[in-house]
Amino acid sequence: MEGDEKGEFTYIEKRGETVIDYVITNTIGFDKIENFQVGSRIDSDHQPLNMIVKTKGGNRVEENEQKIRENVYWKPESIERYKEATKDRIFEKEENVNKKWQKLETAVKENIETRRILVKK
Numbered sequence: 045m046e047g048d049e050k051g052e053f054t055y056i057e058k059r060g061e062t063v064i065d066y067v068i069t070n071t072i073g074f075d076k077i078e079n080f081q082v083g084s085r086i087d088s089d090h091q092p093l094n095m096i097v098k099t100k101g102g103n104r105v106e107e108n109e110q111k112i113r114e115n116v117y118w119k120p121e122s123i124e125r126y127k128e129a130t131k132d133r134i135f136e137k138e139e140n141v142n143k144k145w146q147k148l149e150t151a152v153k154e155n156i157e158t159r160r161i162l163v164k165k
């Protein structure tokens with residue numbers, strides 16, 4: 045079996061870390077585990093346990109994959125602040141297009157709210 049030979053921490057909090065999450069199997073099941081790893085997760089103290097198990101049907105692998113996606117939320121007051129911040133900049137004469145773009149981009153970033161969410165595949 046490959047993967048977590050070192051025994052990575054599965055529970056991490058401000059007071060410390062430990063290995064408290066585990067997978068139980070018999071000897072037959074143990075021989076079918078090809079890879080076992082402790083994943084990474086930011087929304088919980090417990091880290092996910094990922095493993096690849098051999099099956100008779102071929103190389104069918106199911107993984108507990110997750111992605112972090114950042115969503116943008118426009119609140120009514122944010123929209124008004126953005127309009128106010130950009131109304132003069134849009135018609136501003138700027139020699140350098142990159143500078144104008146940076147000013148508009150800054151106005152957007154200063155007025156939006158972003159939320160990070162965990163998405164399971």
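In terms of this note's numbering, the sequence shown opens at residue 45 and continues consecutively.
All residues carry an ideal CB built from backbone N, CA and C; glycine is no exception.
Please read all numbers here as calculations on a predicted model, not as lab measurements.
**Request:** For Gln-91, count neighbouring Cβ atoms within 10 angstroms of its own Cβ and tell me buried if that reaches 16, exposed if not.
**Result:** Within the sequence shown, numbered from 1, the residue matching residue 91 stands at position 47. By the Cβ neighbour-count rule, Gln-91 is buried, with 16 or more other Cβ atoms within 10 Å of its own.
**Alpha-carbon to alpha-carbon, Glu-121 and Thr-62** = Within the sequence shown, numbered from 1, the residue matching residue 62 stands at position 18. Within the sequence shown, numbered from 1, the residue matching residue 121 stands at position 77. Approximately 45 Å, taken between the alpha carbons.
**Request:** Classify Ile-72 as helix, strand or coil using the three-state DSSP reduction.
**Result:** Taking the first residue of the sequence shown as 1, we reach residue 72 at position 28. The answer is helix: DSSP assigns Ile-72 an H, G or I state.
**Request:** Look up Ile-56 in the DSSP assignment and say whether it is helix, strand or coil.
**Result:** In the sequence shown, counting from the first residue as 1, residue 56 sits at position 12. In the three-state reduction of the DSSP assignment, Ile-56 falls in the strand class, which pools E and B.
**Asked** Near Glu-157, which residues of its chain fall below 6 Å by C-beta distance, leaving aside the five closest residues on each side in sequence?
**Response** For the purposes of this step, residue 157 is identified with residue 113 of the sequence shown, where counting begins at 1. So the list reads Tyr-117, once near-sequence residues are dropped.
**Asked** Beta-carbon separation of Asn-79 and Ile-96 under 8 Å?
**Response** Here residue 79 refers to the residue found at position 35 when the sequence shown is read from its first residue. Here residue 96 refers to the residue found at position 52 when the sequence shown is read from its first residue. The answer is yes: Cβ separation under 8 Å.
**Backbone secondary structure at Arg-125 - three-state DSSP** = As a working note, residue 125 is residue 81 in the sequence shown. Looking at Arg-125 - three-state DSSP - the assignment turns out to be helix.
**Prompt:** For Lys-58, which option in Asp-89, Lys-98, Ala-129 has the closest C-alpha, if you only look at C-alpha atoms?
**Reply:** In the sequence shown, counting from the first residue as 1, residue 58 sits at position 14. When only C-alpha atoms are compared, the closest one is Asp-89.
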